[in-house]
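Heads up: the structure comes next, in structure tokens.
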Amino acid sequence: MREVHHADEAAQLLEGTEPLGELVFHGIDLRPCEPRLRAHDVGGAVFLGCKLSPEVIADVVVRGALVFPRIEGLPYDPYRNRLYTPDELFEGFDPADPCTYCDTPDARIYRHYLDTGRQFPPSAVEALARRLHDHSMTDAMETLLGRTERRVVAVMGGHGMGRDHAHYEAVVRMSRTLAEQGFFLVSGGGPGAMEATHVGAHFAHRDDAALGDALATLGRAPSYRDRDWLAAAFRARLDHPADERSAESLGIPTFLYGHEPPNLFATHVAKYFANSVREDGLISVASHGIVFAPGSAGTIQEIFQDAAQNHYGTVNARASAMVFLGRDYWTRDKPVYPILAELAKDRVYGELMTLTDDVDEAVAFLDAHPPRDVPDGGWSFCGAHCRSEGGSSSS
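According to our numbering, the sequence shown holds residues 2 to 396 in order.
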């Protein structure tokens with residue numbers, strides 16, 4: 002079915018006479034179009050959280066449409082038909098007063114999340130609203146990534162990585178180079194290595210002086226626990242705003258970790274309630290590989306999730322590159338790489354793994370190792386135990 006996300010597109014469709022049965026109207030105010038809507042064949046059409054009068058809702062339902070009604074009284078829109086931007090999430094924040102963060106939409110939604118049961122809301126309506134919201138995030142994200150054949154690379158790494166750490170600057174410079182070479186950068190959307198990813202994309206095609214100035218500003222509040230962490234990001238972005246040289250990037254944070262504000266440098270934000278959906282989606286969209294910068298339990302979890310996808314080819318029957326940034330870290334401090342190298346023997350993704358300390362080597366490896374097909378053998382239980390002729394089940 003075709004999805005309609007904009008009022009002008011809906012109005013144009015309703016000017017015609019074609020049946021609406023193959024259309025999904027998503028989060029649109031359709032009240033100005035109600036007279037035309039009443040005249041259309043709406044059998045099979047779907048209306049997700051659209052604004053309609055009670056009379057028209059009753060009319061289209063009787064005539065065969067499916068209506069998901071709006072859910073009022075929430076600090077978020079379950080049927081939101083677009084991704085967030087950092088400016089939307091941080092609306093009302095004053096860099097001169099960090100306490101104003103508590104009045105931003107991001108903070109209000111997080112408080113609501115805590116007050117309604119965290120990841121296990123007792124209210125069925127709240128649980129449903131969150132699932133609808135997360136579906137809307139996925140839908141909007143797929144629209145963004147499906148605009149062109151993007152070469153999507155994700156960067157994973159520790160949320161506690163300080164802005165003044167050498168690893169942070171390394172991720173920034175690697176991400177800047179990747180963006181300049183046409184890769185689309187994605188991260189978990191939070192602080193640390195995730196923020197560094199989007200800082201790099203933001204400064205694509207800019208000189209080292211501008212980047213160095215921004216890093217100095219950010220470095221005055223190195224930890225996300227610092228009072229001026231968010232304010233420093235606002236100041237750096239104000240001094241060096243996005244322009245035509247900046248690259249788009251996507252942050253995918255979660256309200257599960259809502260105590261950590263999302264970073265300010267992603268151009269698009271898909272913020273989820275369900276962290277499991279967010280994690281799987283983040284790894285799955287990285288069609289051209291993932292760079293694993295130093296991190297702890299969350300990063301290591303993501304490594305094995307990605308390895309499982311590559312091992313079995315569960316995403317489009319393909320495997321993509323796995324780049325481990327930090328030789329000592331991934332072989333001695335957190336010796337994950339030797340385990341994976343053994344696991345990947347004689348597998349396609351074994352040829353798509355590398356370990357390096359050099360960000361230029363990491364970029365070159367990603368560029369030289371596009372995704373590869375994973376043979377699946379063509380076996381399935383349904384078919385393996387059926388007769389070869391006629392399709393009937395075996396006795």
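Ideal placement from N, C-alpha and C gives every residue a C-beta, glycine not left out.
Any heavy atom of the ligand FMN within a distance shorter than 8 Å of the CB on residue i?
i	result
residue 211	With respect to the ligand FMN, the structure shown offers nothing to examine, as it has no ligands at all.
Relative to the alpha-carbon of residue i, which residue among the options has its alpha-carbon at the smallest distance?
i	options	result
residue 159	243, 193, 134 and 136	193
residue 277	288, 303, 331 and 291	303
residue 336	349, 316 and 305	305
residue 258	114, 5 and 39	114
residue 156	130, 136 and 200	200
residue 182	363, 63 and 297	363
residue 63	47, 338, 383 and 190	47
residue 180	381, 151, 165 and 191	151
residue 332	34, 351, 286 and 357	357
residue 247	104, 268, 189 and 338	268
residue 275	4, 138, 7 and 342	138
residue 350	254, 289, 281 and 231	289
residue 316	281, 341 and 338	281
residue 195	283, 141 and 126	283
residue 141	318, 287, 342 and 6	6
In terms of residues, what are the limits of the beta strand (DSSP E) holding residue i?
i	result
residue 27	24–27
residue 252	250–252
residue 155	152–157
residue 4	3–5
residue 316	Run containing residue 316: none; DSSP gives neither H nor E here.
residue 355	354–357
residue 187	184–188
residue 291	291–293
residue 364	From DSSP, residue 364 is part of no beta strand (DSSP E) but of the alpha helix (DSSP H) over 360–369.
residue 67	67–69
residue 49	47–49
Should residue i go down as buried or exposed, given a rule of 16 or more other Cβ atoms within 10 Å for buried?
i	result
residue 174	buried
residue 61	buried
residue 27	buried
residue 203	buried
residue 393	With a pLDDT of 45 at residue 393, under the threshold of 50, the modelled position of that residue is not reliable, and the figure given next carries that caveat. Looking at its Cβ environment, which holds fewer than 16 other Cβ atoms inside 10 Å, residue 393 is exposed.
residue 19	exposed
residue 270	buried
residue 1	Residue coverage of the chain in this structure runs from 2 to 396, which leaves residue 1 outside it and unanswerable.
residue 307	buried
residue 379	exposed
residue 242	exposed
residue 187	buried
residue 143	exposed
residue 1	Outside the shown range of the chain, which is 2 to 396, sits residue 1, and nothing can be said about it.
With a Cβ-Cβ cutoff of 9 Å, do residue i and residue j count as a contact?
i	j	result
residue 262	residue 107	yes
residue 79	residue 44	no
residue 185	residue 249	yes
residue 154	residue 367	yes
residue 77	residue 29	no
residue 273	residue 256	yes
residue 172	residue 205	no
residue 344	residue 321	no
residue 162	residue 299	no
residue 14	residue 42	no
residue 326	residue 166	no
residue 231	residue 99	yes
residue 8	residue 33	yes
residue 220	residue 164	yes
residue 133	residue 72	yes
Output the boundary residues of the alpha helix (DSSP H) element that contains residue i.
i	result
residue 222	Unbroken run through residue 222: none, as it is neither H nor E.
residue 62	55–63
residue 274	Taken as a continuous stretch (DSSP letters only), residue 274 belongs to no alpha helix (DSSP H), as it is neither H nor E.
residue 323	Here residue 323 belongs to no alpha helix (DSSP H); instead the beta strand (DSSP E) covers 323–326.
residue 179	167–181
residue 230	230–240
residue 92	No alpha helix (DSSP H) holds residue 92; DSSP gives it neither H nor E.
Inter-stretch contact (C-beta, 8 Å, three-pair minimum) for the region 53–60 and the region 78–97: no
Specify whether the region 121–129 and the region 227–240 touch according to this definition: at least 3 beta carbon pairs, one from each stretch, less than 8 Å apart. no
Does the count of Cβ pairs from the region 307–314 and the region 369–388 closer than 8 Å reach three? yes
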